[in-house]
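Chemist: Sharing a structure, written as structure tokens. Questions coming.
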Amino acid sequence: GIQVEQSPPDLILQEGANSTLRCNFSDSVNNLQWFHQNPWGQLINLFYIPSGTKQNGRLSATTVATERYSLLYISSSQTTDSGVYFCAVEHGDSNYQLIWGAGTKLIIKP
Amino acid sequence: DGGITQSPKYLFRKEGQNVTLSCEQNLNHDAMYWYRQDPGQGLRLIYYSQIVNDFQKGDIAEGYSVSREKKESFPLTVTSAQKNPTAFYLCASTLGSYGYTFGSGTRLTVV
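Sequence order for the protein chains is A and B. Residue numbers for the first sequence follow this note's numbering, beginning at 1 and rising by one. Residue numbers for the second sequence follow this note's numbering, beginning at 111 and rising by one.
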């Protein structure tokens, strides 16, 4: 089946720093989404981005489908950005099922 | 406000006991999902349902059962056949390919 790999697995930054999180996938996808899980476990959808670039405030994402990767950019990090960032993809005739990466754990220090 | 409600937040199960996790949504979403998350891991699909009275197994369905008698409700039963049930369980719903909405989760511990 399709493999979804995220890097780095862990990232520790000072408040105000910028970061780039990467998601590689091993086959073509119908859909790619980025999620943020806060330290209490709540998951929030950040981007639905099968291709192209989207921006939402300090966050932006780019998916290059032909090269099978997506990047999530976080600028001017805040402590509330801490948590785990997941990439998840839909593949083939999956009936909207998502295949999840293992996540990048981000810690923003004040 | 529309959303997904999971209950309870914390659940303790004794060996050999069946327990049921509740998931209710008022978003009018057709599809609902149950995921399991182990520490430091991504999410793995247990069961999903796209319409009432129909559901399909996900990657790790063994030891679990579900029902979908109403559009709003998708309860998950963790049976005694699930030998390692301690995990964080997340319910989600979606309308089509995007708009995934998650509940706040249930932490299940075997005692």
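Even for Gly, the Cβ is constructed at its ideal location relative to N, Cα and C. From a predicted model like this one, the values you see are computed outputs, not experimental measurements.
1. From what residue to what residue does the beta strand (DSSP E) around glutamate 90 (chain A) run?
2. Does the Cβ-Cβ distance between isoleucine 74 (chain A) and serine 19 (chain A) come in under 9 Å?
3. Does the stretch 186 to 198 of chain B come within contact of the stretch 131 to 151 of chain B, defined as at least 3 CB pairs closer than 8 Å?
4. Just checking my contact of leucine 21 (chain A) with proline 50 (chain A) at CB under 8 Å: how many whole Å lie between their CB atoms?
5. Around the C-beta of isoleucine 99 (chain A), are 16 or more other C-beta atoms found within 10 angstroms, so that it is buried, or is it exposed?
6. Closer than 9 Å between beta carbons: that is the criterion. Which residues of the stretch 29 to 46 of chain A meet it against chain B?
7. On the DSSP letters alone, give me the boundaries of the beta strand (DSSP E) that threonine 187 (chain B) sits inside.
8. Any C-beta of chain A within less than 9 Å: which residues of the stretch 202 to 218 of chain B qualify?
9. Please state the DSSP three-state secondary structure of threonine 196 (chain B).
10. Run through DSSP, which three-state label would alanine 65 (chain A) get?
11. Could you list which residues in chain E have their beta carbon closer than 9 Å to that of phenylalanine 198 (chain B), in chain order?
12. Taking just the CA atoms, how far does lysine 181 (chain B) sit from serine 132 (chain B)?
13. Might you give, ordered along the chain, the residues of its own chain that have their beta carbon closer than 7 Å to the beta carbon of lysine 167 (chain B), omitting 5 neighbours on each side?
14. Under the DSSP definition of a beta bridge, which residues are partnered with tryptophan 34 (chain A)?
15. What whole-angstrom Cβ distance do asparagine 136 (chain B) and glycine 113 (chain B) have, given they're in contact under 8 Å?
16. Under 7 Å Cβ-Cβ, which residues of chain A neighbour leucine 153 (chain B)?
17. From the beta carbon of lysine 109 (chain A), is the nearest beta carbon of chain B less than 9 Å away?
18. Could you say which of A:Val4, A:Gln3, A:Cys23, A:Ile44 lies nearest to tyrosine 210 (chain B) if we only look at CA atoms?
19. Select from B:Ser175, B:Gln127, B:Leu186 the residue whose C-alpha is nearest the C-alpha of serine 134 (chain B).
20. Closer than 7 Å, Cβ to Cβ, to anything on chain A: give me those residues from the stretch 135 to 162 of chain B, in chain order.
Modeler: Working from what's here:
1. Locating residue 90 (chain A) in the first sequence gives position 90, where the first residue counts as 1. Unbroken beta strand (DSSP E) run through glutamate 90 (chain A): 83 to 90.
2. Against the first sequence, residue 74 (chain A) aligns to sequence position 74. Against the first sequence, residue 19 (chain A) aligns to sequence position 19. Contact flag set, yes.
3. yes
4. The residue you call residue 21 (chain A) lines up with position 21 of the first sequence. The residue you call residue 50 (chain A) lines up with position 50 of the first sequence. Leucine 21 (chain A) to proline 50 (chain A), Cβ: 18 Å. No contact.
5. Sequence index remark: in the first sequence, residue 99 (chain A) carries index 99 (1-based). The residue is buried, with at least 16 neighbouring Cβ atoms inside 10 Å.
6. Asn30, Asn31, Gln33, Phe35, Gln37, Trp40, Gly41, Gln42, Leu43, Ile44, Asn45
7. As a first step, residue 187 (chain B) must be located in the second sequence, where it is residue number 77. Element bounds for threonine 187 (chain B): 186 to 188.
8. Ala202, Thr204, Gly206, Ser207, Tyr208, Gly209, Tyr210, Thr211, Phe212, Gly213, Ser214, Gly215, Arg217
9. To locate residue 196 (chain B), count along the second sequence from 1; it is residue 86. Three-state DSSP puts threonine 196 (chain B) in coil, outside helix and strand.
10. Mapped onto the first sequence, residue 65 (chain A) falls at position 65. The answer is helix: DSSP assigns alanine 65 (chain A) an H, G or I state.
11. Among the protein chains of the structure shown, namely A and B, there is no chain E.
12. Looking up residue 132 (chain B) in the second sequence gives position 22. Looking up residue 181 (chain B) in the second sequence gives position 71. C-alpha separation (whole angstroms): 13 Å.
13. Working through the second sequence from its first residue, we reach residue 167 (chain B) at position 57. Same-chain partners within the cutoff: Tyr157.
14. Sequence index remark: in the first sequence, residue 34 (chain A) carries index 34 (1-based). According to DSSP, tryptophan 34 (chain A) bridges with A:Phe47, A:Cys87.
15. To locate residue 136 (chain B), count along the second sequence from 1; it is residue 26. To locate residue 113 (chain B), count along the second sequence from 1; it is residue 3. Right, the Cβ-Cβ distance comes to about 7 Å (below 8 Å), so this counts as a contact.
16. What you label residue 153 (chain B) is simply residue 43 of the second sequence in a count that begins at 1. Within chain A, the residues near leucine 153 (chain B) are Trp100.
17. For this step, residue 109 (chain A) is matched to residue 109 along the first sequence. So, not an interface residue.
18. Locating residue 210 (chain B) in the second sequence gives position 100, counting from the first residue. Ranking A:Val4, A:Gln3, A:Cys23, A:Ile44 by Cα distance to tyrosine 210 (chain B) puts A:Ile44 first.
19. Walking along the second sequence from the start, residue 134 (chain B) turns up at place 24. Reading off the sequence, residue 134 (chain B) comes out as glutamate, not serine. The shortest C-alpha separation from glutamate 134 (chain B) is found at B:Leu186.
20. Ala141, Gln151, Gly152, Leu153, Leu155, Tyr158, Gln160
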